[in-house]
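Below: one structure, written as structure tokens.
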Amino acid sequence: MSSSSKSLKIGIVGFGTFGQFLANTMIKQGHTLTATSRTDYSQLCDQMGIHFFRDITAFLDADMDVILLCTSISSLSEVVGSMPLACLKRPTLFVDVLSVKEHPKNLLLKVLPEESDILCTHPMFGPVSGKNGWQNLTFMFDKVRIKDEVTCSKFLQIFASEGCKMVEMSCEEHDKAAAKSQFITHTIGRTLAEMDIKSTPIDTKGFQTLVELKKPVMGCSFDLYSGLFVYNRFARQEV
Numbered sequence: 001m002s003s004s005s006k007s008l009k010i011g012i013v014g015f016g017t018f019g020q021f022l023a024n025t026m027i028k029q030g031h032t033l034t035a036t037s038r039t040d041y042s043q044l045c046d047q048m049g050i051h052f053f054r055d056i057t058a059f060l061d062a063d064m065d066v067i068l069l070c071t072s073i074s075s076l077s078e079v080v081g082s083m084p085l086a087c088l089k090r091p092t093l094f095v096d097v098l099s100v101k102e103h104p105k106n107l108l109l110k111v112l113p114e115e116s117d118i119l120c121t122h123p124m125f126g127p128v129s130g131k132n133g134w135q136n137l138t139f140m141f142d143k144v145r146i147k148d149e150v151t152c153s154k155f156l157q158i159f160a161s162e163g164c165k166m167v168e169m170s171c172e173e174h175d176k177a178a179a180k181s182q183f184i185t186h187t188i189g190r191t192l193a194e195m196d197i198k199s200t201p202i203d204t205k206g207f208q209t210l211v212e213l214k215k216p217v218m219g220c221s222f223d224l225y226s227g228l229f230v231y232n233r234f235a236r237q238e239v
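If you're matching positions, the sequence shown starts at 1 in the UniProt record's numbering and goes up one per residue.
Quick look at the structure:
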């Protein structure tokens, strides 16, 4: 990062595979990271140069610019609801990276203090598709409630500077589009994986496409898949 004035203090809530994936690039860019999670990732965080908090109160007391919510879709409500938000020292930007958008938007507007900013985002890539960099990969965002434009801009620059295609759209528009793209892709991919289809010596191009389709979703949890359906009201129209 060219200037320390551009660096952010970012606290990650939920330090699973996706949280670790984002953290690697953020560290490379020069941001200061802290993390908290139900699982003890203190050893891994120590290796990465990240301060890990087992106690959520101590985590919130660490005075961060951004709190990045990397929980599962289904656990977001419980996790945010358990946060002693009164411990926040100053107005903070809350960012979620869930694969559905209306659900976190509505929840965060309901439970966060009025002075907290809200940025709903969806990086349309993950550890597999983004393993060789984020160039030309899509990053969707919705400035739900932003008063501190400087901090918001600095956060978005994390992805823009890596070459992401930045797409601003409403959470509702995202969920409508995702119901037709992401949910259907996961449904077909999981079906093909359950059928255990494999390449044969006489594959047609069409069959090769089907074999390739199952690969991106095989590493995704059923919790993610169910969340795409349960927490996206538009997905039910596609079944």
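Note that the Cβ used here is the ideal one computed from N, Cα and C, for glycine as well.
These figures come from a predicted structure and were not determined experimentally.
Residue j beta carbon less than 7 Å from that of residue i
| i | j | result |
| --- | --- | --- |
| LEU119 | VAL95 | yes |
| residue 240 | LEU93 | Because the chain here runs from 1 to 239, residue 240 falls outside it and cannot be looked at. |
| MET166 | PHE139 | yes |
| ALA58 | THR34 | no |
| PHE53 | CYS45 | no |
| ILE158 | LEU68 | no |
| VAL150 | PRO123 | no |
Those residues which DSSP pairs with residue i across a bridge
| i | result |
| --- | --- |
| VAL80 | The partner list for VAL80 (beta bridge, DSSP) is empty, contrary to what the question assumes. |
| PHE94 | ILE67 and ILE118 |
| GLU168 | PHE141 |
| HIS51 | THR34 |
Whole-angstrom distance between residue j and residue i, CA atom to CA atom
| i | j | result |
| --- | --- | --- |
| ILE202 | LEU210 | 14 Å |
| THR17 | PHE207 | 31 Å |
| ILE188 | PRO84 | 41 Å |
| MET1 | PRO113 | Confidence at MET1 is low in this model, with a pLDDT of 45, below 50, so the placement of that residue is unreliable and no value is reported for it. |
| SER37 | MET26 | 18 Å |
| GLN29 | ALA23 | 10 Å |
| GLY19 | ILE12 | 7 Å |
| SER3 | ALA160 | Note on SER3: pLDDT 45, under 50, position unreliable in the model; the coordinate value appears next. For SER3 and ALA160, the distance between alpha carbons rounds to 16 Å. |
| ASP196 | LYS214 | 9 Å |
| LEU192 | ARG145 | 40 Å |
| GLY163 | ALA235 | 30 Å |
| PRO104 | GLU212 | 31 Å |
| MET64 | CYS87 | 12 Å |
| GLU102 | LEU156 | 20 Å |
N-terminal and C-terminal residue of the alpha helix (DSSP H) that residue i is part of
| i | result |
| --- | --- |
| PRO123 | Premise fails: PRO123 lies in the beta strand (DSSP E), 117 to 123, not in any alpha helix (DSSP H). |
| LEU156 | 149 to 160 |
| ALA86 | Note, ALA86: premise wrong, no alpha helix (DSSP H); not H, not E. |
| HIS103 | 102 to 111 |
| PHE18 | 17 to 28 |
| THR57 | 56 to 60 |
Limits of the unbroken beta strand (DSSP E) element including residue i
| i | result |
| --- | --- |
| VAL13 | 9 to 13 |
For the stretch 106 to 119 against the stretch 79 to 90, are there 3 or more C-beta pairs whose distance is under 8 Å?
-> Touching, yes.
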